[in-house]
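Novice:
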Amino acid sequence: MSDRNTDSLNKKECDGRFAVPLRGVGVDTETRCHHYQTAKDVIAIKFACCETYYPCFQCHEAIADHEPTQWPRDRCAEPAVLCGSCRTELTVTEYFDAAHQCPHCDSAFNPGCYSHRSRYFERHE
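Structure, rendered in structure tokens:
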């Protein structure tokens, strides 16, 4: 993707296809982005710093005008993960307990996202 194309995508406001504030680079209808495009890349994470969902940390880095902030441990009971398949918002606790799939629609989630959860969430017990 050329820089000019990326720049025009980066300047988009929140994606109107979703009921939640969501931004990203080249986001499809199931929240896959330019950076992660496998069948299992169907989640978006809400960043505490801006209360906006992004498909990945690279999308936040490319678009946001601020540093990312991890989702606070004391807010794990609040919705902060979006299943791109069924559009259900999950709490951090639900996401951690989900065993790499949506508890509502059974869509598989990429285990790689879970493995680098420390980028997105404060330590969760």
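Each residue of the sequence shown is one higher than the one before, counting from 1 in the UniProt record's numbering. Don't be surprised by glycine CBs; every beta carbon is placed ideally from N, CA and C.
Count the other CB atoms, across all protein chains shown, that sit within 10 Å of the CB of C105; report buried if there are 16 or more and exposed otherwise.
Specialist: Result: exposed.
Novice: If you run the structure through DSSP and keep just helix, strand and coil, what is Y95?
Specialist: DSSP places Y95 in helix when its eight states are reduced to three.
Novice: On a Cα-Cα basis, can you pick out the residue from K46, A48, H34 that is closest to A62?
Specialist: Of the listed residues, the one whose Cα sits closest to A62 is H34.
Novice: Would C59 and V81 qualify as a contact pair, given that the criterion is a beta-carbon distance under 8 Å?
Specialist: No.
Novice: Taking the runs of the alpha helix (DSSP H) that are 4 residues or longer, which of them lie wholly in the stretch 38-70?
Specialist: List check, alpha helix (DSSP H) in window: 57-63.
Novice: Return the Cβ separation of S115 and V42 in integer angstroms, given the expectation that the two are a contact with Cβ distance under 8 Å.
Specialist: About 16 Å; that fails the 8 Å criterion.
Novice: Suppose you measure from the CA of N110 to the CA of T29; what does that come to, to the nearest Å?
Specialist: Rounded to the nearest angstrom, the two C-alpha atoms are 17 Å apart.
Novice: From P55 to D74, what does the alpha carbon distance come to, in whole angstroms?
Specialist: C-alpha separation (whole angstroms): 22 Å.
Novice: Helix, strand or coil for P111, going by three-state DSSP, please let me know.
Specialist: P111: helix per DSSP, three-state reduction.
Novice: Among C113, A64, A44, E67, which has the Cα closest to the Cα of A19?
Specialist: The shortest Cα separation from A19 among C113, A64, A44, E67 belongs to A44.
Novice: Report yes if the C-beta distance between residue 142 and T31 is below 8 Å; otherwise report no.
Specialist: Residue coverage of the chain in this structure runs from 1 to 125, which leaves residue 142 outside it and unanswerable.
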